[in-house]
Amino acid sequence: MSVLVKIRQGLETFSPSEQKLGKFILENSQEVLNMPITKLADQSGVSEATIVRFCRTLELKGYQELKIALSTEIAKPLEEQQIRYEYIERNDSIENIIHKISLGNYIAIQDTLKVLDHQQMEEAIELIHKAEKVYIYGVGASSVVGLDLQYKFMRINIPTFMYFDSHIQLTSAVHIKKGDVVIGISNSGRTKEIIEVLAIAKEQGADTIVITQYGDSPILEVADVKLFTASVENNFRSAAMASRIAQLNIIDCIYIGLACKRYDEVIGHLNKTRELLEYKKR
1 MSVLVKIRQG
11 LETFSPSEQK
21 LGKFILENSQ
31 EVLNMPITKL
41 ADQSGVSEAT
51 IVRFCRTLEL
61 KGYQELKIAL
71 STEIAKPLEE
81 QQIRYEYIER
91 NDSIENIIHK
101 ISLGNYIAIQ
111 DTLKVLDHQQ
121 MEEAIELIHK
131 AEKVYIYGVG
141 ASSVVGLDLQ
151 YKFMRINIPT
161 FMYFDSHIQL
171 TSAVHIKKGD
181 VVIGISNSGR
191 TKEIIEVLAI
201 AKEQGADTIV
211 ITQYGDSPIL
221 EVADVKLFTA
231 SVENNFRSAA
241 MASRIAQLNI
251 IDCIYIGLAC
261 KRYDEVIGHL
271 NKTRELLEYK
281 KR
């Protein structure tokens, strides 16, 4: 997992002193490689204890592991390090707009790969594989992503429920029980409706999976499995728009991982639905 991406994506969720340290490391990553912890503390204006806590926040064992992770990042090809999203200008041509939007989508997926925990993905797939029922919750743009996942699960005969209205979401949560899996999608990780539904489901013994942007957020407190995404911001695309591509990539991974686990059964279901849809086209 890319330590620079984790710092960049989680910066706003860090404590003030960790934000200060994170910004310094992002701006001086090459120089940090040659700094003992005392010098980094002095140069960045934070305490050595803050540096140790910051390493733990990044899920690193200590300062030396941070330096090793940084050296790995810096050793990457210069072209890869320099690919960042460009703002869309008022007078951009359609060609430039297509290029910039496509590049942003590419970066969102690439950065998501660097913060996504493979073990957590495996656990999510295993929970869904064993689940009696799957409930999907999201609002706004996240609900559109959830609807896509519901459609995919429906095609391979996984009992899946999704509701757009927040009151119906709460009502449905009351009937969730142990053996069910609840998937909450929230880019910010602070969507109150989704956090409340997941909390109810968790209290009733259900397993909970969240798809959210990397960083510390309230939704993590009600999550058994955490699937992190990275976002790309610019002057026209809101956080919800930027997160959609990364979220869709994650649900595709869940779907294909589950399909591989149930290969023979899934192929049969897909063939049946394909034949039915082809018949309707005649």
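Reminder that position 117 of the sequence shown reads as 117 in UniProt numbering, one-by-one numbering, no gaps.
Cβ atoms here follow ideal geometry from the backbone N, Cα and C, with glycine treated the same way.
* Asked: Is the beta carbon of Ile-7 sitting closer than 8 Å to the one on Gly-22?
  -> For the 8 Å CB-CB criterion, Ile-7 and Gly-22 form a contact.
* Considering Gln-213, what are the terminal residues of the beta strand (DSSP E) in which it resides? -> Start and end: 207 to 213.
* Asked: What residue from Gln-64, Glu-48 and Leu-147 has the CA that sits closest to Val-134's CA?
  -> Of all alpha-carbon atoms in Gln-64, Glu-48 and Leu-147, the one lying nearest the alpha-carbon of Val-134 is that of Leu-147.
* **Buried versus exposed, by CB contacts within 10 Å (16 or more), Thr-72** => By the neighbour-count rule (16 or more Cβ atoms within 10 Å), Thr-72 is not buried but exposed.
* Asked: Mind pulling the beta strand (DSSP E) runs of 3 or more residues that sit fully within the stretch 76 to 141?
  -> Counting only unbroken stretches of 3 or more residues, the beta strand (DSSP E) elements lying wholly within the stretch 76 to 141 are 134 to 137, in sequence order.
* Asked: What's the C-alpha gap between Phe-14 and Gly-215?
  -> Between Phe-14 and Gly-215, the C-alpha separation is close to 8 Å.
* Asked: Quick one: is Glu-132 buried, meaning 16 or more other Cβ sit within 10 Å of its Cβ, or exposed?
  -> Counting Cβ neighbours within 10 Å, Glu-132 comes out exposed, since fewer than 16 surround it.
* Own chain residues within Cβ distance below 7 Å of Ala-124, not counting five before or after -> Hits under 7 Å: Ile-209, Val-225, Leu-227 and Ile-254.
* To do: Give every residue of the same chain whose Cβ lies closer than 7 Å to the Cβ of Thr-160, excluding the five residues on either side of it in the sequence, and list them in chain order.
  => Only Val-134, Ile-136, Gln-150, Phe-153 and Met-154 meet the Cβ criterion.
* Among Ala-201, Val-181 and Thr-229, which has the Cα closest to the Cα of Asn-187? -> For Asn-187, the nearest C-alpha among the options comes from Thr-229.
* Asked: If you follow the alpha helix (DSSP H) that Phe-54 is part of, which residue opens it and which one closes it?
  -> Residues 48 to 57.
* Is it right to say Glu-89 is buried, meaning 16 or more other beta carbons lie within 10 angstroms of its own, or is it exposed? -> Only exposed fits Glu-89, as fewer than 16 other CB atoms lie within 10 angstroms of its CB.
* **Of the residues His-129, Gln-247, Tyr-63 and Gln-119, the one placed nearest Val-266, counting alpha carbons only** => Of the listed residues, the one whose Cα sits closest to Val-266 is His-129.
* Kindly give me the distance between the Cβ atoms of Gly-184 and Leu-198, rounded to whole angstroms, as I take these residues to be in contact under 8 Å. => The Cβ separation is near 5 Å, so the contact holds.
* To do: Helix, strand or coil for Thr-273, going by three-state DSSP, please let me know.
  => Thr-273 falls in the helix class under three-state DSSP.
* From the DSSP output, which residues share a beta bridge with Gly-184? -> Tyr-137 and Val-210.
* Beta carbon of Val-145 nearer than 8 Å to that of Ile-219 -> Not closer than 8 Å, so no.
* **Residue closest to Leu-113, alpha-carbon to alpha-carbon, out of Val-5, Lys-39, His-167 and Gly-62** => It is Val-5 whose Cα lies nearest to the Cα of Leu-113.
* To do: Within its chain, find whatever has a CB closer than 8 Å to the CB of Ser-166; leave out the 5 residues flanking it on each side and keep chain order.
  => Within its own chain, the residues whose Cβ lies closer than 8 Å to the Cβ of Ser-166, once the five positions on either side in sequence are excluded, are Val-139 and Glu-193, listed in chain order.
* Roughly how many angstroms lie between the CA atoms of Met-162 and Gln-213, to the nearest whole one? -> In a straight line, the C-alpha of Met-162 is about 21 Å away from that of Gln-213.
* **Nearest to Gln-247 (by Cα), restricted to the options Gln-110, Asp-42, Arg-274 and His-175** => Cα-wise, what sits closest to Gln-247 is Gln-110.
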